[in-house]
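Throughout the sequence shown, residue numbering follows the working numbering, covering -17 to 736 in sequence.
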Amino acid sequence: MPYSDFRPELMGKATLEPAGPFEAGSYQSLTLTYTAGRFGIDDTGSIKIGFRFATDFGPVQFEDPKAPGYTTVEASNGATLECRWEFKRNIRPWSRSLYIGVMKHFLKPGDTITIRFGDRRAGSPGIRMQTYCEDEFEFRVLVDAIATYDYVALPESPQVQIVPGPGVTWQAVVPTSVRAGTPFALKIRSTDQWGNPSDKMDTTLRLTCEGARIMGLPSEVKVSKGSFANVSNRLCLEEAGDSEIIVRDASGSELCRSNPVRAVADAEGSADVHFWGDIHGQSNETLGTNTARDYFAFGRDKAFLDVMSHQGNDFQITGSFWRQLNELTAELDKPGEFCCFPGYEWSANTAVGGDRNVYYRNEGETIHRSSHAQIADPADMVDEESDAHDAHNLFRKLAGKDCVVAAHVGGRYADIKYAHDEAIEAAVEVHSCWGTFEWIVWDAFKKGYRIGIVGNSDGHKGRPGADFPGASFFGSQGGLTCYIAPRLDRDAIFHAMRRRHHYATTGNRMMLDVVVETPSEATVFLENPAGRGGSVETRRRLRMGDVARVLDDKARLDVEVVGSAPIERIDVFSGQKLVETTRPFAPRDLGRRIRVTMQGAEYRGRARTTTWDGSIEVVGNAIERAEMFNNWNLDRGIQSCSADAVTWKAVTTGNWCGVDLWLAEPQAGELRLKTRHVEAAIGIPKVDIDDAVYDGGGLERLVKVYRLPDAPSVRRMRHSVEIPVDKAGDTPIFVRVTQVDGHKAWSSPVYLIK
């Protein structure tokens, strides 16, 4: 760590009471006592108590004794103490910190500072523990005993365990597609109110299916305390068809439905099926939570992922940790069962290219770091020649290697206009816990790049494949990528990555099939994504990600969606141009339900969060019910609701959220909307199926108002449309699917060249 290492054993000690464990998101009162060491602490010296970057512990406050997070600090000798809760004023990963300065006096050896986090003596409910689980949640104590502002970390800092609460929701996961007659598994988990898989449940679940009959499906399963998941193996769809599994409690009430599963007829065993991955996240060896082994185990066993990789920030990955990651992926990769591969996040400043995710097909490759900013070991500093300090240099060093790169938008956003290599950089990440970033797709189209579209979590909370922002600054649930391949192994998944045979979602598992059919035979490029030579084949049916030279002026797009919830709309794009929007309902199906959505960001960089706290007043009508979607923070959401008004708190970071109103009268009165960025008076009779759009400035920052059926139910849609082929350049054809529950999906484009 880049702190002073001068005699830490002489800097004192710290204890914490009570010892825990503590339920994630619960309110507690904790007392940390620091005892000064041999040097004491000089006048204007200080201590800091650091917390990891991603934590949503707290926040700490000193002003309101009755409010959450109230914290008191006192010195045993009566010294004046100056206290500040600092969001990002400490060396990462301990970015959150409580600064305690000793003023107008000093501490002698043995004097103490007592910090009561969530001091309840004056009425505070306590301080909220972080909302996600961690085996060793640390209060990292750092001491500036000599008043030089050069801190020394104590040899041992207090740690507690954060555990899940009782389950409040259920999820059932099956493969999206299987070959008819091939066994598959049903995996069921319960999650607490903050999205953590729970081991606190003790109940019996009843199972049925709708659609094609699933052989081997038990009528009930037992979920026992201490278990995070229930797995039923040897299920089978004997014939081609679709099915869903319904999970009910002992009384027969529906708890959840599985994602749809489709069996495809495949006598030869070569048909492509779907595999789900989150290949972007990190553990506490860099900036995340829990260990790298815990990270892979969570994704495989609790989030039920098929494909994973680890993406620590390169400037924190030591040589020893890089070797450990390679050993882990080699150990855990099991062809046919679980696919994982080594990688890292090349984390350069945006000015020299921004974040890129590098994935190697095999272990033993060199890590080309953007810098060694947080690597203190001299043994990791000797090979400066292997570094790549800008994106152009990165692509040069990766040339010829068996790897794939994706452009990522995180703290540092990838500037693909600055640098891009079509042979290596195969995709852009449109969605993660940081938000939604369609603008990076538009950047690629403007430059004429041929990229696939992926979604991942970039999770820092130890929950790859099932990550939520909790009460922190992250803006949305983490995304997933569905890879379409004939089998689950590195060769097949890397082939899908290079050919862009995948689609992205905001974390749900809808089934999406996109085919472009040309009147005449098309020449499909199999190797070089730029279409300059390499192997080709001729066919008329093109799948997502294909690049093809065509003779025709038009092509037909065929889309099939089987949603994990009712479908709201399918948007069809030719490049950045919206060709059409289709819905599974018509104007005659609309009712009393009005949807107000908010989306966008401040700008592309770190401080992109847009606050949408607002209200709707209803005049000449009445609100019977109001609900919010895509609200991931329990502190936000609807704050009050009456017959004539609703208020809420919300943020977006490029993604979207919204409020649904069910009104007493479908065609009477007026809505008066008020937010920080948009204010509008909207006549309710004018609200129809089409979006009324209000510009809020910023980056794609908009409010949209439109009407929905009272209870949409259509989960399956097929749609076809003819799309003109541009006479020059590429025609990138793709779809964006929106579900009523707020989830979205994006297909990788099909690229047509006239």
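For each residue, glycine too, the CB sits at the ideal point set by N, CA and C.
Would residue i be called buried (16 or more neighbouring beta carbons within 10 Å of its own) or exposed?
i      : result
P317   : exposed
M493   : buried
W594   : buried
E45    : exposed
V544   : buried
A737   : Here the chain comprises residues numbered -17 to 736, so residue 737 is not present and cannot be evaluated.
M526   : buried
Y131   : exposed
V732   : buried
Q399   : Note that residue 399 is Lys in the sequence shown here, rather than Gln. K399 comes out exposed.
D337   : buried
R25    : First, the residue type needs correcting, since residue 25 is Asp and not Arg in the sequence shown. Exposed, since its Cβ has fewer than 16 Cβ neighbours within 10 Å.
L287   : buried
G711   : exposed
F(-12) : exposed
W76    : buried
G52    : Looking at the sequence itself, residue 52 is Tyr, so the reference to Gly does not match. With 16 or more Cβ atoms within 10 Å of its Cβ, Y52 is classed as buried.
Residue i lies in the beta strand (DSSP E); which residues open and close that run?
i    : result
E313 : No beta strand (DSSP E) contains E313, which is instead part of the alpha helix (DSSP H) from 301 to 314.
F377 : Note, F377: premise wrong, no beta strand (DSSP E); alpha helix (DSSP H) at 373 to 380.
F166 : 166 to 173
F33  : 28 to 33
F257 : 255 to 260
K686 : 681 to 690
G591 : Inspection of the sequence shows that residue 591 is occupied by Thr rather than by Gly. Counting along the chain, T591 falls outside any beta strand (DSSP E), and DSSP gives it neither H nor E.
Y16  : 12 to 17
C115 : Here C115 belongs to no beta strand (DSSP E), and DSSP marks it neither H nor E.
R216 : 212 to 217
H484 : 484 to 487
Just to confirm, is the Cβ distance from residue i to residue j under 9 Å?
i     : j      : result
A279  : F303   : no
V134  : P(-10) : yes
I620  : V641   : yes
V696  : P566   : yes
G177  : F450   : yes
K736  : V532   : yes
G434  : S730   : yes
E64   : R78    : no
G149  : K182   : yes
G(-6) : L136   : yes
T96   : V55    : yes
D315  : H390   : no
H659  : G678   : yes
T17   : A1     : no
T657  : G596   : yes
L(-2) : T15    : yes
D93   : I29    : no
A583  : G724   : no
C639  : N613   : yes
I228  : V498   : no
Rounded to whole angstroms, how far is the Cβ of residue i from the Cβ of residue j, which I believe are closer than 8 Å?
i    : j    : result
F377 : A408 : So it is not a contact: roughly 12 Å between Cβ atoms.
Y431 : G587 : Not really, about 22 Å apart at Cβ, beyond 8 Å.
M111 : S8   : 5 Å
Y326 : I299 : 6 Å
R122 : G270 : Between G270 and R122 the Cβ distance is about 15 Å, and since that is not below 8 Å, they are no contact.
V541 : V496 : 6 Å
H350 : L380 : 7 Å
W416 : G392 : 5 Å
Starting from residue i and walking both ways along the alpha helix (DSSP H), at which residues does that stretch end?
i    : result
M479 : 472 to 481
K283 : Residue 283 is actually Asp in this sequence, not Lys. Segment 274 to 283, the alpha helix (DSSP H) holding D283.
D672 : Segment: none, D672 is in no alpha helix (DSSP H) and carries neither H nor E.
A727 : Per DSSP, A727 belongs to no alpha helix (DSSP H); it is in the beta strand (DSSP E), 726 to 729.
D425 : 420 to 429
Can we count residue i as close to the ligand ATP, meaning its CB is less than 8 Å from some heavy atom?
i    : result
I422 : No copy of the ligand ATP occurs in the structure displayed, which carries no ligand at all.
Is the number of C-beta pairs between the segment 78 to 98 and the segment 236 to 255 that are closer than 8 Å three or more?
no
Between the segment 483 to 490 and the segment 457 to 464, can you find at least three pairs of beta-carbon atoms closer than 8 Å?
yes
Check whether the segment 224 to 237 and the segment 258 to 270 touch, using three or more Cβ-Cβ pairs below 8 Å as the test.
no
Touch test, the segment 525 to 536 against the segment 631 to 651, Cβ-Cβ under 8 Å, three pairs minimum
no
Answer yes if the segment 120 to 128 comes into contact with the segment 612 to 632, meaning at least three C-beta pairs across the two stretches below 8 Å, and no otherwise.
no
Determine contact between the segment 180 to 188 and the segment 142 to 157, defined as no fewer than three beta-carbon pairs at a distance below 8 Å.
yes
With three or more beta-carbon pairs closer than 8 Å as the criterion, would you say the segment 681 to 698 touches the segment 572 to 579?
yes
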